[in-house]
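Participant: Residues 524 to 727 (our numbering) make up the sequence shown, in order.
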Amino acid sequence: MSHRLLTGPKLVLATHNAGKVREVAELLAPWGFAVVSAGALGLPEPAETESSFLGNARIKALAAATASGLPALADDSGFSVAALDGAPGVHTADWAQTPDGRDYAMAMAKVERLARHAKDRRAWFSCALVLAWPDGHTEGFLGEAHGQWVWPPRGTNGFGYDPMFVPDGGAQTFGEMAPAAKHAISHRAAAFAQLSAACLPPRP
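(1) Relative to the alpha-carbon of M631, which residue among F576, G683, K533 has its alpha-carbon at the smallest distance?
(2) Report buried or exposed for R581, applying the criterion of at least 16 other Cβ atoms within 10 angstroms of its Cβ.
(3) Write down every uninterrupted run of the beta strand (DSSP E) in the segment 654 to 712 whose length is 3 residues or greater and which is fully enclosed by it, in chain order.
(4) Determine whether the beta carbon atoms of S591 and V535 lie at a separation below 7 Å.
(5) Per DSSP, P611 forms a beta bridge with which residues?
(6) Do V604 and A646 have their C-beta atoms within less than 7 Å of each other?
(7) Helix, strand or coil, according to DSSP, for S591 in the structure here?
(8) Is it right to say L528 is buried, meaning 16 or more other beta carbons lie within 10 angstroms of its own, or is it exposed?
(9) Would a C-beta distance cut-off of 7 Å place G670 and G681 closer than the cut-off?
(10) Which of the three DSSP states is assigned to K533 in this structure?
(11) Rounded C-beta distance between R514 and T661? I'm assuming under 8 Å.
(12) Leaving out five residues before and five after G542 in sequence, what residues of the same chain have Cβ atoms less than 8 Å from its Cβ?
(13) Among G555, P657, A537, which one has its Cα closest to the Cα of L749?
(14) With 16 as the cutoff for other CB atoms within 10 Å, does H710 come out buried or exposed?
(15) For E549, count the other beta carbons within 10 Å of its own beta carbon; 16 or more makes it buried, fewer makes it exposed. Which is it?
(16) Do you know whose CA, among A703, L718, F664, lies nearest L577's CA?
(17) Enumerate in chain order the residues of its own chain whose CB-to-CB distance from T589 is below 7 Å, with the five nearest sequence positions on each side excluded.
(18) Can you have a look at A720 and say buried or exposed, based on whether 16 or more other CB atoms are within 10 angstroms of its CB?
(19) On the premise that A597 lies in contact with V653, defined as a C-beta separation below 8 Å, what is that separation, rounded to the nearest angstrom?
(20) Report the partner residues of S719 according to the DSSP bridge assignment.
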């Protein structure tokens, strides 16, 4: 299967999440793309109506590419708990939503409250990355990081549910890890490795 190559030089990150902007911009840095976020461009956030991470990422990427006239990269990611049948999953951000914004401490407490009596502590992060062009072409990639959830949360690095997730083979939560250590093994890194192999030119 052939993939479309992203030639740049400018790329829209289809997100209003500062943490995602930071992580994806760092992953893209070696290629020298000029990166601007949808939030910085004042683009609206489209309704995420799909039942999969790839489906929702595609909605966001196409909306940003169409509105900006530039290639756009969207990330849709989430935290899943085996004992909760994969929840919160695609509803990860919804679990944190309050009238005043997103409260991930509240969302993590909800996970713990619902799953505290389960013996199965398996959990995983998923990340879908979708590249879209203004002509409607898209390329999608899905990565995962498996581990277990822990309580209480530990660490102040990362964002979202990072402080309650310990990856397989590790002792620190994503919230305790240095950013470079997390990037090396994260769900976002796994998806980005696929994207870079398929759609990015050789690194300079």
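Think of the CB as a built atom: it goes at the ideal place given N, C-alpha and C, for glycine as much as any other residue. Predicted model only: the values in this text are computed from it and were never measured.
Facilitator: Reading it off the structure:
(1) G683
(2) buried
(3) 661 to 672, 688 to 690
(4) yes
(5) S603
(6) yes
(7) helix
(8) exposed
(9) no
(10) strand
(11) Coverage of the chain is limited to positions 524 through 727, which leaves residue 514 absent and any answer about it impossible.
(12) G681, F682, G683
(13) Absent from the model: residue 749. The displayed extent of the chain is 524 to 727, so no value can be given.
(14) buried
(15) exposed
(16) F664
(17) P657
(18) exposed
(19) 5 Å
(20) Per DSSP, none; premise fails for S719.
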